[in-house]
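Single-structure report; data block below.
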Amino acid sequence: MSHNHVTAVHLKAHPHSKGTVRLTGSHPQDLLDIQKNRFQSEEGLQDVRDLREAIKRSLQIMKNLLIVGFVEGLAFPESLDTDEEIENHIFQEIFGHHACCTNPMGTDDDPNAVLDGNFNVRGVNNLRVVDASSWGIVPGYFVTTPIYMISEKAADLIIAATA
């Protein structure tokens, strides 16, 4: 096998699929009700269409006459010729990751704002949440950088509050 490879990453930077995380009880050890709802809504189906077009474009590039002689094989199944086959592949093989936005930060009058502007959980003393769940919307692309940014901001707020 050759050591020359090409990888295509299909990133949906601003996904539309939305799930929920709900408490099932008041004890911290109670299991959560997590519904990912991946690709379940009409908005989520737009994610499928976007991913389908990205995969189609990658396949077109790999079949280009200028490089086809260098392509030994594809990681995709051989039969991704129709939109339906590509969408079936997406539903079976593509996963969403970096679940976020389940505890959004917001103003006092926002009924969905779990956190205040200092990362404090509303109605709970001495508890902050500093992670990707604090976002109201997905910032897009590689989420690690914005996580580092909010962590730095939270560290400054915590230091200032305890000084």
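Remember, the numbering used here sits 73 above the position in the sequence shown when you count from 1.
Here a beta-carbon is modelled for each residue, glycine too, at the ideal position from N, C-alpha and C.
Extent of the continuous beta strand (DSSP E) to which Q108 belongs: Taking the sequence shown and counting its residues from 1, one reaches residue 108 at position 35. According to the DSSP assignment, Q108 belongs to the beta strand (DSSP E) that extends over 105 to 108.
Given D183 as reference, the closest of G142, R195, C173 once Cα atoms are compared: Residue mapping note: residue 183 aligns to position 110 of the sequence shown, counting from 1. Each of G142, R195, C173 was checked against the Cα of D183, and the nearest Cα belongs to R195.
Span separating the alpha-carbon of T93 from that of R111: Position 20 of the sequence shown holds residue 93. Position 38 of the sequence shown holds residue 111. Straight-line Cα distance between these residues: approximately 11 Å.
DSSP bridge partner residues for N29 (one or two, in chain order): The requested residue 29 does not occur in the structure, where the chain is confined to residues 74 to 236.
Beta-carbon contacts of T180 that lie in its chain and below 6 Å, excluding the five residues immediately before and after: As a position in the sequence shown, residue 180 is number 107, starting the count at 1. Answer for T180: no residue qualifies.
Alpha-carbon spacing of D229 relative to G209, whole angstroms: As a working note, residue 229 is residue 156 in the sequence shown. As a working note, residue 209 is residue 136 in the sequence shown. So the alpha carbons of these two residues sit roughly 21 Å apart.
Endpoints, alpha helix (DSSP H) assigned at R111: Residue 111 sits at position 38 when you count from the first residue of the sequence shown. Unbroken run through R111: none, as it is neither H nor E.
Contacting residues, own chain, Cβ-Cβ under 6 Å from R95 (five flanking each side not counted): By one-based count along the sequence shown, residue 95 stands at place 22. Once the five neighbours on either side are set aside, the close Cβ partners of R95 are D106.
DSSP bridge partner residues for L96 (one or two, in chain order): The residue labelled residue 96 in the question sits at position 23 within the sequence shown. As computed with DSSP, L96 is found in a beta bridge with L105.
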